[in-house]
Amino acid sequence: PAYALAALSLDIPPEISELPLLEDLRRSITEIMILDNDLLSYRKEYAAGEVMHNILTLVMHEKHLDLDAAVAWVVAEHAKRVDRALALWREVPSLMFDSADTEKAVAVYLDHLIHWPRVNECFTFESGRYFRKDGPRVKWERVVELVSPEEMKHAIAASPL
Numbered sequence: 001p002a003y004a005l006a007a008l009s010l011d012i013p014p015e016i017s018e019l020p021l022l023e024d025l026r027r028s029i030t031e032i033m034i035l036d037n038d039l040l041s042y043r044k045e046y047a048a049g050e051v052m053h054n055i056l057t058l059v060m061h062e063k064h065l066d067l068d069a070a071v072a073w074v075v076a077e078h079a080k081r082v083d084r085a086l087a088l089w090r091e092v093p094s095l096m097f098d099s100a101d102t103e104k105a106v107a108v109y110l111d112h113l114i115h116w117p118r119v120n121e122c123f124t125f126e127s128g129r130y131f132r133k134d135g136p137r138v139k140w141e142r143v144v145e146l147v148s149p150e151e152m153k154h155a156i157a158a159s160p161l
């Protein structure tokens, strides 16, 4: 996604930025963020009747699971991708770089990549995008209650951002 922004001011040669290890790391982090977004957006999408493209709905349908089991499945898949991303991140120092400047630029880029999911999570809970004013509570309790479209409309009207 926005990973290119992190690299704009960095002098990382294409032969480094296109290494399979870094491509795998970017892919793993992207998948983490996709899973995060679908977990966090489900309530809003449910209330709007727009869950057909959410991974929770797809998992419930494909694996014949209820919502709780689908959430557990997605959380397990998320954990696998976090483990993979951290393992890949730990491998990067073993690469040989042609200069100290390249090594430093790659370190800055990796710092950006590895923190991106956390930044996105903070934005999600603090922006009101999915949980309105309840973001801090949901972040702390990790409990999301589904609401009907009518309840969601009332909540939006009663609780502006």
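Numbering (the numbering used here), first residue to last: 1 to 161. Ideal placement from N, C-alpha and C gives every residue a C-beta, glycine not left out. Predicted model only: the values in this text are computed from it and were never measured.
For Asn54, the three-state secondary structure derived from DSSP is coil. Annotated as distal: Ile12 and Pro117, with beta-carbon spacing of 8 Å or more.
Inter-residue distance for Val59 and Val119 is about 26 Å (C-alpha atoms, whole angstroms). The residue from Ala2, Ala47, Leu39, Thr102 with its alpha-carbon nearest to that of Glu77 is Leu39.
Asp68 and Val74 have their C-alpha atoms some 10 Å from each other. With a 10 Å radius around the Cβ and a threshold of 16 neighbouring Cβ atoms, Val143 comes out exposed. Within the same chain, Asp38, Tyr42, Glu45 come within 6 Å of Asn54 by CB-CB distance, once the 5 residues on both sides are set aside. If you check the CB distance, Arg26 and Tyr3 come in under 8 Å. Straight-line spacing of the CA atoms in Thr102 and Ala70 works out to 43 Å.
Glu91 and Phe131 have their C-alpha atoms spaced approximately 37 Å apart. Residue environment: Leu95 is assigned as exposed (fewer than 16 neighbouring CB atoms within 10 Å of its CB, all protein chains considered).
By the neighbour-count definition (other C-beta atoms within 10 Å, threshold 16), Leu86 is an exposed residue. Its chain contains Tyr109, His112 as the residues whose beta carbon lies nearer than 6 Å to that of Ala6, once the 5 sequence neighbours on both sides are disregarded; these appear in chain order.
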